[in-house]
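Sequential numbering from 2 applies to the sequence shown in the numbering used here.
Yeah, the Cβ is synthetic: ideal placement off N, Cα and C, and Gly gets one too.
Some notes on the structure that comes next.
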Amino acid sequence: MYKLSLSLFLIAFLLIVGACSKSQEEIRILTENYPPLSFMDGDEASGFGSDVVNAIQAELGTDFPIQLSSWDDAYATALSEENVVLFTMDKTPEREDYFHFIGPLGSNVASFYAHRNRMLVPIDAEVAKTYKAIATTTNWFTEQHLMELGFENLVSSKDPIDTVKLLADQKADLGVFTDVTLPELCREAKVDPDTFTPVLELLSTDYFIAISKITNTKIVEKWQKAFDTIKANGELARLHSKWFDR
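What follows is the structure, encoded as structure tokens:
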């Protein structure tokens, strides 16, 4: 009887330990190369968004690694798997049914940009539909928005650096970028940011940390509570100042 009780105790203990370990392993944190919000600095994820995620993890007492991927691949993973954190994601009506959103972290303005060697103004959305090619990045909120508007002339690249190069090489008539990230993307692409000029504002949005919809709501609530804490104690503002008040 004693041996049976001891065996049952050991089995129960191992099940509890295994469950705890599993819950720790289930969280995947994904991002893309999207400076200054997220990028790799050597072997470490850096950028404003990465710093915010790490600050949240410090509050939660976790240390899950941040994995860099193409946005298209990361987005597909977050759509189909549980316990996936993806940042930064602009919140749009098209996405609200598919993700939980933690934030916002900040805001940006997306616009159509033209090469300075081409005179494409004045312009409106209907005129933009008549151009041969508009450079976009696969599954970015801007591309999704243009598809909703009925654009059929999009040239989609998985890497935003390639999107920049398409417009820089004048292989596209227009490109769609945000004011927050275009300067750094140009730097990585070795393109002078002054090569491009905004010709039409597309939309203004807030960007967030997204969590896959099928994730346990308790995890979502913990992340939201930790975000609220770093916002209230000034850490979020400090990190924003670190990256944008230069």
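Cβ pair residue i, residue j closer than 9 angstroms
i, j, result
"LEU147", "THR137", "yes"
"LEU203", "ALA56", "no"
"LEU69", "THR32", "yes"
"ALA134", "ASP174", "yes"
"TYR132", "THR198", "no"
"VAL165", "LEU150", "no"
"SER158", "THR139", "yes"
Residue i to residue j span [Cα, whole Å]
i, j, result
"GLY50", "ALA129", "32 angstroms"
"ILE67", "ILE28", "10 angstroms"
"GLY176", "ALA233", "37 angstroms"
"GLN171", "ALA126", "20 angstroms"
"ALA169", "LYS214", "37 angstroms"
"HIS101", "VAL221", "7 angstroms"
"ARG117", "ILE103", "38 angstroms"
"TYR3", "LEU106", "At TYR3 the pLDDT is 49, less than 50, meaning the model places this residue with poor confidence; the figure from the coordinates comes in the next sentence. Roughly 57 angstroms between the two C-alpha positions."
"ILE162", "GLU95", "25 angstroms"
"GLU26", "ASP52", "Per-residue confidence for GLU26 stands at a pLDDT of 46, beneath the threshold of 50, marking its modelled position as unreliable; the derived number appears in the next sentence. Roughly 21 angstroms between the two C-alpha positions."
"TRP244", "GLU60", "21 angstroms"
"GLN145", "VAL54", "25 angstroms"
"ASP207", "LYS219", "24 angstroms"
"CYS187", "PRO194", "6 angstroms"
"ASP44", "LEU155", "34 angstroms"
"PHE209", "PHE152", "26 angstroms"
"PHE65", "ASN84", "12 angstroms"
"GLU185", "ALA46", "16 angstroms"
"GLY235", "VAL181", "22 angstroms"
"ARG239", "THR196", "32 angstroms"
Extent of the continuous alpha helix (DSSP H) to which residue i belongs
i, result
"ILE135", "Element bounds for ILE135: not the alpha helix (DSSP H) but the beta strand (DSSP E), 135-138."
"THR78", "72-81"
"ASN234", "Taken as a continuous stretch (DSSP letters only), ASN234 belongs to no alpha helix (DSSP H), as it is neither H nor E."
"VAL192", "Here VAL192 belongs to no alpha helix (DSSP H), and DSSP marks it neither H nor E."
"ASP163", "161-169"
Option in the options with minimal Cα separation from residue i
i, options, result
"LEU167", "VAL181, GLU149, VAL192, PHE152", "VAL192"
"ASP98", "VAL53, ALA211, PHE245, LEU155", "ALA211"
"GLN58", "GLN225, HIS241, ARG239, ASP44", "GLN225"
"SER242", "ILE30, GLY48, THR32", "GLY48"
"ASP74", "ASP195, TRP244, ILE30", "ILE30"
"SER205", "THR143, VAL54, ASP44", "THR143"
"VAL200", "THR179, ASN154, THR218", "THR179"
"GLU82", "ARG239, ASN217, ASP246, TRP244", "ASN217"
"GLN160", "PRO194, SER71, TRP244", "Checking the sequence shown, residue 160 turns out to be Asp, not Gln. Ranking the options by Cα distance to ASP160, first place goes to SER71."
"ASP42", "ASN154, TRP141, GLU189, ASP64", "GLU189"
"THR63", "ALA46, ARG239, GLY235, LYS223", "LYS223"
"ASN34", "TRP141, ARG119, ALA227", "TRP141"
For residue i, the first and last residue of its enclosing beta strand (DSSP E)
i, result
"VAL177", "175-179"
"LEU203", "197-213"
"ASN109", "100-116"
"VAL53", "Here VAL53 belongs to no beta strand (DSSP E); instead the alpha helix (DSSP H) covers 49-61."
"ILE67", "67-69"
"ILE30", "29-32"
"THR182", "Here THR182 belongs to no beta strand (DSSP E), and DSSP marks it neither H nor E."
"LEU147", "Where LEU147 is concerned, there is no enclosing beta strand (DSSP E), although the alpha helix (DSSP H) it sits in stretches over 142-149."
"LEU155", "155-158"
Proximity test, Cβ basis, 9 angstroms: residue i and chain D
i, result
"SER71", "The chain labelled as chain D is not found in the depicted structure, where only one protein chain is given."
Near the ligand ZN: residue i beta-carbon under 8 angstroms from a heavy atom
i, result
"ALA136", "Looking at this structure, you won't find the ligand ZN or any other ligand, since it has none at all."
Original post:
Taking three-plus beta-carbon pairs below 8 angstroms as touching, is the stretch 31-39 in contact with the stretch 82-99?
Top reply: yes
Subject >> Cβ pair count under 8 angstroms reaching 3, the stretch 73-84 against the stretch 226-242 >> reply: no
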